[in-house]
Amino acid sequence: MDLASAKVIGAGLAAIGVGAAAIGVGNVFGSFLESAIRNPAAADGQQGRLFIGFAAAELLGLIAFAVAMIILYAV
Amino acid sequence: MAAESKIDPMHQFQISPLAGDLDGSPFVFTNSALWMLVVLALIWLFMLGGMKRQLVPGRWQVAVEGITGFVNSMVTSSIGPEGRKYMPWVFTVFMFILFANLLGMMPFALVGAQPFTVTSQFTVTGIMAIISFSIVLLVGFWKHGFRFFSLFIPHGTPKVLLPLIFLIELLSFMVRPFSLALRLFVAMIAGHILVEVFASFVVSGINAGGVGGPAVSLLSFVFIVGVMALEVLVCAIQAYVFALLTSLYINDAVNLH
């Protein structure tokens, strides 16, 4: 296998991580909504934590994206 | 056979000199600098229009007061009453990122200007993250001296695990500026590349002709509209997350835990 095709396959594999992060982000918001409907009064106070969780989950997907971009353009 | 349209999605992030030479002098006025100045001017105009302190606020003043009130409540709820001291930096970061992100979404290419997203450069976001991190370090060591290191030891850690926990906490503390900068920069890059790649599908779909080509173009166009709406949301969320995390990190330094 030559380098060019290996690069493209590698970038595609790295993109799986983005999908995994999508599961994570969905989990964060889904769990928040689930509990916010049970106790709407407490929901507003937890919005900061919601976005911290979102940021942490999203960051890992973005790192996977950065890896894919590095493989495609920088290696 | 239609001509192969090759669109380079990374071209939009290129920094090009507007005055001076990139190789020659160390001070060059680039398109990045120009767009930063535009962002600054917009923020200035926005704040100037809303700071009239009328008793009955107009729409503009309500908008400005809404943003300042929002950042203020974020800072005071995460740092406490002492948080007002750090309000200027958090507000600066929030406004700069929000305006730079939204300005990067504007279709300036329609009027012939080359659009540029300031926050898609790792140097810009990196500097903001480093300043946030420096504030944390300075405030932490200024207020608590060497007790600041107790930040790395959670309460009730067993003695045996102490060195390991300390190392892990230290590591997670040290990657903070990196993650802060990387999140914003990659989120902006990813959105712009996605839009540009699908925009190139629109062009090559029309060029391909037949029945399938325009269908692909139409699908891509609808997709772009959706992604654009999502991107506007991401612009605001990224500004919010950067400001929120900055104030949380400052909270660590002010109150330890």
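These protein sequences, in sequence, are chains D and A. For what it's worth, the working numbering labels the leading residue of the first sequence as 2, then goes sequentially. For what it's worth, the working numbering labels the leading residue of the second sequence as 147, then goes sequentially. Glycine included, C-beta positions come from ideal geometry on N, C-alpha and C.
Opposing strand residues paired with residue i [DSSP bridges]
i, result
"P234 of chain A", "None; P234 of chain A has no bridge partner."
"F347 of chain A", "According to DSSP, which records beta bridges pairwise, F347 of chain A is partnered with nothing at all."
"A209 of chain A", "In the DSSP output, where bridge partners are listed per residue, A209 of chain A has none listed."
"A165 of chain A", "A:F175"
For residue j and residue i, the rounded distance between their alpha carbons
i, j, result
"F192 of chain A", "V210 of chain A", "8 Å"
"L297 of chain A", "G62 of chain D", "28 Å"
"I72 of chain D", "V19 of chain D", "15 Å"
"I383 of chain A", "A56 of chain D", "9 Å"
"I370 of chain A", "L364 of chain A", "10 Å"
"I53 of chain D", "E59 of chain D", "10 Å"
"V202 of chain A", "V208 of chain A", "10 Å"
"P360 of chain A", "F173 of chain A", "47 Å"
"E35 of chain D", "A179 of chain A", "45 Å"
"G11 of chain D", "M2 of chain D", "12 Å"
"E150 of chain A", "P253 of chain A", "Note that E150 of chain A scores 48 on pLDDT, short of 50, meaning its location in the model is unreliable; the coordinates nonetheless yield the value given after this. Each residue's alpha carbon lies about 25 Å from the other."
"I273 of chain A", "V321 of chain A", "14 Å"
"V94 of chain A", "A336 of chain A", "As displayed, chain A neither begins before 147 nor continues past 403, which places residue 94 of chain A out of reach and without an answer."
"L194 of chain A", "T271 of chain A", "26 Å"
"G204 of chain A", "G196 of chain A", "8 Å"
"Q200 of chain A", "A43 of chain D", "35 Å"
"S318 of chain A", "V343 of chain A", "35 Å"
"V434 of chain A", "Q47 of chain D", "The question about residue 434 of chain A has no answer here: the residues shown for chain A are numbered 147 through 403."
"T222 of chain A", "T214 of chain A", "12 Å"
"A21 of chain D", "G31 of chain D", "15 Å"
"G27 of chain D", "A37 of chain D", "15 Å"
"V306 of chain A", "S171 of chain A", "56 Å"
"Y74 of chain D", "L284 of chain A", "38 Å"
"D45 of chain D", "V9 of chain D", "44 Å"
"V257 of chain A", "G25 of chain D", "40 Å"
"A67 of chain D", "K198 of chain A", "45 Å"
Own chain, CB closer than 7 Å to residue i, minus 5 neighbours either side, in chain order
i, result
"A148 of chain A", "Residue placement at A148 of chain A is flagged as unreliable, the pLDDT there being 41, under the threshold of 50; a coordinate-derived value is accordingly withheld."
"G351 of chain A", "G359, P360, V362, S363, S366"
"A255 of chain A", "P261"
"S162 of chain A", "T176, N177"
"L394 of chain A", "S224"
Pick from the options that is closest to residue i, judged by C-alpha positions
i, options, result
"G13 of chain D", "D:V76, D:A69, D:A21", "D:A69"
"W181 of chain A", "A:G286, A:L248, A:G212", "A:L248"
"T238 of chain A", "A:T392, A:L402, A:L256", "A:T392"
"M251 of chain A", "A:F331, A:F262, A:L317, A:H301", "A:F262"
"F331 of chain A", "A:Y232, A:F292, A:I243", "A:I243"
"H301 of chain A", "A:S162, A:D154, A:L402", "A:L402"
"A259 of chain A", "A:T303, A:M233, A:S318, A:Q158", "A:Q158"
"G49 of chain D", "A:K198, A:S219, A:S171", "A:S219"
Contacting residues, own chain, Cβ-Cβ under 8 Å from residue i (five flanking each side not counted)
i, result
"N397 of chain A", "S224, I225, G226, G229"
"I299 of chain A", "L308, I311, F312, E315"
"F347 of chain A", "V362, S363, S366"
8 Å Cβ cutoff met for residue i and residue j
i, j, result
"A399 of chain A", "G286 of chain A", "yes"
"W206 of chain A", "I281 of chain A", "no"
"A65 of chain D", "A16 of chain D", "yes"
"T176 of chain A", "L164 of chain A", "yes"
"V373 of chain A", "V341 of chain A", "yes"
"V405 of chain A", "R293 of chain A", "The first residue shown for chain A is 147 and the last is 403, placing residue 405 of chain A beyond what the model contains."
"F279 of chain A", "P323 of chain A", "yes"
"A275 of chain A", "L326 of chain A", "yes"
"P155 of chain A", "I277 of chain A", "no"
"A333 of chain A", "V380 of chain A", "yes"
"F33 of chain D", "L51 of chain D", "yes"
Cβ neighbours of residue i in the same chain (closer than 6 Å, five flanking residues each side left out)
i, result
"F240 of chain A", "V217, A385, A389"
"A246 of chain A", "V185, V264, T265"
"F268 of chain A", "F331"
"V29 of chain D", "G54, F55, A58"
"Y232 of chain A", "I396"
Contacts of residue i in chain C (Cβ-Cβ under 8 Å)
i, result
"F52 of chain D", "No chain C is part of this structure, whose protein chains are labelled D and A."
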